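Trainee: For reference, the structure I am asking about is given below.
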Amino acid sequence: MLIKSARSENEFFLKLFYNKRMRHVLIILLSAVFISANAFAAPKAELWARWQKHDSKSAVTLSHKAWDDFLNANISPADGIHLLNYGGVSANDKKMLDDYLTMLSKTAVSSFNRDEQRAFWINLYNALTVQTVLNHYPVDSIRDIDISPGLFSDGPWGKKLFTVEGEELSLNDIEHRILRPIWRDARLHYAVNCASIGCPNLAAMAYTADNTEELLDAGSQAYINHPRGVQVKDGNLIVSSIYTWFIEDFGGDDAGVIAHLKKYATADLTASLDDISNIADDTYDWSLNKP
14 MLIKSARSEN EFFLKLFYNK RMRHVLIILL SAVFISANAF AAPKAELWAR WQKHDSKSAV
74 TLSHKAWDDF LNANISPADG IHLLNYGGVS ANDKKMLDDY LTMLSKTAVS SFNRDEQRAF
134 WINLYNALTV QTVLNHYPVD SIRDIDISPG LFSDGPWGKK LFTVEGEELS LNDIEHRILR
194 PIWRDARLHY AVNCASIGCP NLAAMAYTAD NTEELLDAGS QAYINHPRGV QVKDGNLIVS
254 SIYTWFIEDF GGDDAGVIAH LKKYATADLT ASLDDISNIA DDTYDWSLNK P
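Our numbering applies: residue 14 is where the sequence shown begins, and numbers increase by one.
Here it is as C-alpha cells:
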C-alpha cells in the first residue's frame, strides 16, 4: 500500500513536470515557499582576506566631492527620512555619479590607511546602490531589480557590479566580506543604504576619513530614535528587522540589541527600554526611498 501510494505521488509530480504549463505553476509555488522561508536570511560576515591589505602610514586622501555634490543636489529630508528623487536626477548629476564611480574603480584602495579605506567602501556601496536604482528606474522597490545570480535571486546584491584593483565586486561583497568583517562595527549598518524607506538614512554628505566617526554616531542616533528603527507600544519592543537579520553584530541576542539601542536612545526611549527584556516583533519597509 505504501509503495502504491509513493508511486502514485511520483506519477503525479512527473505529470506536473512534463506539462509545460503545470511545470511553470509548480516552479512559482516552490519559489514562493522558498523565498518566504529564506528571503531574509542575511549573509554572514565572512572576511575576504585580500582586502585586509592597507598602509597604516599612508597620508593619501581621496576626494569624494563629486558624491558630496550629488547628495547635496538630490537628497531631501521628510519626517526624519532622507529621500532621493530618482526620477528627477538630472543628466549632469547622473554623469557626475558615473564619473565618480569610474574614479573609484581606478583607485588603489589597498595602499590607503584604514580610515581612508572605510570611507571609500561606504561611499562606494552607497553610490553604486544609487547608480543601480537609476539604471533600472522606475521601480517601486530595490528588490524588484532581480539581477543577482541564482533561481531564487532577490534584488541586485549578489550581482558583480564593480571592479576594484582587478577584482569583481558585488554589493554583498562590499558589505559582508569587507566592511563588516574588517571593522566589526555595528554602526556600519547605519552607514550603508539599501535605497529603502525602512533602511537607515543615506547620509546627506560623503563619508571622509575625518567625518566618519561623527556620521556613524549621528546615523545611529537618527535611526534608533525614529519609529522605523525602534518603537515601544504597550510595553512591547518593535524594532527594524535589521536588528534580527544581523543580531550577531548587535550582541548576539535580544539583550545585546537592547543594550546597543540604549547607547543612542533619547532619555524617553531609554526609560521605555528599561523594563523590556526581549524583542516582541520586527518590521521593515522595502519601498523605494523616493518622495
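We treat Cβ as the ideally placed atom computed from N, Cα and C, and that holds for glycine.
All of these numbers come straight from a predicted model, not from anything done at the bench.
Here's the rule I'm using: 16 or more other beta-carbon atoms within 10 Å means buried, otherwise exposed. How should T163 be labelled?
Mentor: Within the sequence shown, the letter at position 150 stands for residue 163. According to the sequence displayed, residue 163 carries Gly and not Thr. Exposed: under 16 other Cβ atoms inside 10 Å.
Trainee: In whole angstroms, what is the alpha-carbon distance linking W80 and D288?
Mentor: On the sequence shown, position 67 is the one that residue 80 refers to. On the sequence shown, position 275 is the one that residue 288 refers to. Each residue's CA atom was taken as its position, placing W80 and D288 some 43 Å apart.
Trainee: Given that a residue counts as buried once 16 or more other Cβ atoms are within 10 Å of its Cβ, and exposed if not, what is N148?
Mentor: By one-based count along the sequence shown, residue 148 stands at place 135. Counting Cβ neighbours within 10 Å, N148 comes out exposed, since fewer than 16 surround it.
Trainee: Reducing DSSP to helix, strand and coil, say where S183 ends up.
Mentor: As a first step, residue 183 must be located in the sequence shown, where it is residue number 170. Of the three classes helix, strand and coil, the one that applies to S183 here is strand, per DSSP.
Trainee: Could you check whether D198 and L174 sit closer than 9 Å to each other, using their CB atoms as the reference points?
Mentor: Locating residue 174 in the sequence shown gives position 161, where the first residue counts as 1. Locating residue 198 in the sequence shown gives position 185, where the first residue counts as 1. L174 places its beta carbon 9 Å or farther from that of D198.
Trainee: Would K57 pass as a contact of E261 if the rule is Cβ separation under 9 Å?
Mentor: Taking the first residue of the sequence shown as position 1, residue 57 is located at position 44. Taking the first residue of the sequence shown as position 1, residue 261 is located at position 248. Yes.
Trainee: Once DSSP output is grouped into helix, strand and coil, what is the label at L117?
Mentor: Within the sequence shown, residue 117 is the residue found at index 104, counting from 1. Helix at L117.
Trainee: What does the alpha-carbon distance come out to for the pair R200 and N85?
Mentor: For the purposes of this step, residue 200 is taken as residue 187 along the sequence shown, with counting starting at 1. For the purposes of this step, residue 85 is taken as residue 72 along the sequence shown, with counting starting at 1. Using only the alpha carbons, I get a separation of about 23 Å.
Trainee: Can you tell me the Cβ-Cβ gap for H77 and N139, rounded? I've got them flagged as a contact below 8 Å.
Mentor: Walking along the sequence shown from the start, residue 77 turns up at place 64. Walking along the sequence shown from the start, residue 139 turns up at place 126. Actually they are not in contact, since the Cβ atoms of H77 and N139 sit about 10 Å apart, beyond 8 Å.
Trainee: Let's test the definition: count the other Cβ atoms within 10 Å of the Cβ of D267 and tell me whether it reaches 16, buried, or not, exposed.
Mentor: For the purposes of this step, residue 267 is taken as residue 254 along the sequence shown, with counting starting at 1. Its Cβ being crowded by 16 or more others within 10 Å, D267 is buried.
Trainee: When the Cα of A235 is compared with those of W258, A222, K275, which residue comes out closest?
Mentor: As a working note, residue 235 is residue 222 in the sequence shown. Selected option, being the one with the closest Cα: K275.
Trainee: Tell me whether V46 sits in a helix, a strand or coil according to DSSP, three-state version.
Mentor: Residue 46 sits at position 33 when you count from the first residue of the sequence shown. In this prediction, V46 has a pLDDT of 43, which is less than 50 and means its spatial position is unreliable; what the coordinates show is noted afterwards. Judged by DSSP in its simplified three-state form, V46 adopts helix.
Trainee: Following the continuous beta strand (DSSP E) through T296, name the residue where it begins and the one where it ends.
Mentor: Sequence index remark: in the sequence shown, residue 296 carries index 283 (1-based). Segment 292-296, the beta strand (DSSP E) holding T296.
Trainee: Taking the alpha carbon of D68 as the point to measure from, which residue in V122, Y150, N185, G93 has its own alpha carbon closest?
Mentor: Walking along the sequence shown from the start, residue 68 turns up at place 55. The shortest C-alpha separation from D68 is found at V122.
Trainee: Should D186 be labelled buried (16 or more other beta-carbon atoms within 10 Å of its own) or exposed?
Mentor: Reading the sequence shown from its first residue, position 173 is the one you call residue 186. It is buried - the Cβ of D186 has at least 16 other Cβ atoms within 10 Å.
Trainee: Measure the CB-CB distance between L286 and Y99 and report whether it falls below 9 Å.
Mentor: Taking the first residue of the sequence shown as position 1, residue 286 is located at position 273. Taking the first residue of the sequence shown as position 1, residue 99 is located at position 86. In this structure, Y99 does not lie closer than 9 Å to L286 by Cβ.
Trainee: Do A204 and A222 have their C-beta atoms closer together than 9 Å?
Mentor: Position 191 of the sequence shown, counting from 1, holds the residue named residue 204. Position 209 of the sequence shown, counting from 1, holds the residue named residue 222. By the CB criterion at 9 Å, A204 and A222 fall outside the cutoff.
Trainee: Between S209, I251, A293, which has its C-alpha nearest W299's C-alpha?
Mentor: Translated into the one-based positions of the sequence shown, residue 299 becomes position 286. The shortest Cα separation from W299 among S209, I251, A293 belongs to S209.
Trainee: E59 and P194 - do their beta-carbons sit closer together than 9 Å?
Mentor: Working through the sequence shown from its first residue, we reach residue 194 at position 181. Working through the sequence shown from its first residue, we reach residue 59 at position 46. Contact flag set, yes.
Trainee: Give me, in chain order, the residues of the same chain whose beta-carbon lies closer than 6 Å to that of N51; leave out the 5 immediate sequence neighbours on both sides.
Mentor: The sequence position of residue 51 within the sequence shown is 38, counting from 1. Caution applies to N51, whose pLDDT of 40 falls short of 50 and renders its modelled position unreliable; the model cannot decide the point.
Trainee: Which value, in whole angstroms, describes the spacing of the CA atoms of M218 and A132?
Mentor: Position 205 of the sequence shown, counted from the first residue, corresponds to residue 218. Position 119 of the sequence shown, counted from the first residue, corresponds to residue 132. Each residue's alpha carbon lies about 12 Å from the other.
Trainee: With K78 as the anchor, note down where its alpha helix (DSSP H) starts and where it stops.
Mentor: In the sequence shown, the residue the question calls residue 78 occupies position 65. Counting along the chain, the alpha helix (DSSP H) containing K78 begins and ends at 78-87.
Trainee: By Cβ distance below 8 Å, which residues in the same chain neighbour S290 in space, the five residues on each side in sequence not counted?
Mentor: Working through the sequence shown from its first residue, we reach residue 290 at position 277. So the qualifying residues of the chain are D267, A268, I271.
Trainee: Could you name the residues of the same chain whose beta carbon sits closer than 7 Å to that of A45, not counting the 5 residues immediately before and after it, in chain order?
Mentor: The residue given as residue 45 occupies position 32 in the sequence shown. The pLDDT assigned to A45 is 46, lower than 50, so where the model puts this residue is not dependable; a value taken from the coordinates is nonetheless given after this. Excluding sequence neighbours, A45 sits near nothing in its chain.
Trainee: What does the alpha-carbon distance come out to for the pair P240 and H95?
Mentor: Numbered from its first residue, the sequence shown carries residue 240 at position 227. Numbered from its first residue, the sequence shown carries residue 95 at position 82. Straight across, the Cα-Cα distance linking P240 with H95 is about 14 Å.
Trainee: State the DSSP-derived secondary structure class of K66, mapped to helix, strand or coil.
Mentor: As a first step, residue 66 must be located in the sequence shown, where it is residue number 53. DSSP places K66 in coil when its eight states are reduced to three.
Trainee: With a threshold of 6 Å on Cβ separation, who are the neighbours of S254 within its own chain once the five nearest residues in sequence on each side are excluded?
Mentor: Indexing the sequence shown from 1 puts residue 254 at position 241. Around S254: D295, Y297.
Trainee: Where does L95 fall in DSSP's three states?
Mentor: Along the sequence shown, one-based indexing puts residue 95 at 82. Before going further, note that residue 95 is His rather than Leu in the sequence given. Three-state DSSP puts H95 in a strand.
Trainee: Which residue spans inside the stretch 240-280 form an unbroken beta strand (DSSP E) run of at least 3?
Mentor: 243-246, 249-253
Trainee: Can you give me the C-alpha to C-alpha distance between S154 and V146, rounded to a whole angstrom?
Mentor: Within the sequence shown, the letter at position 141 stands for residue 154. Within the sequence shown, the letter at position 133 stands for residue 146. Cα-Cα distance, rounded: 9 Å.
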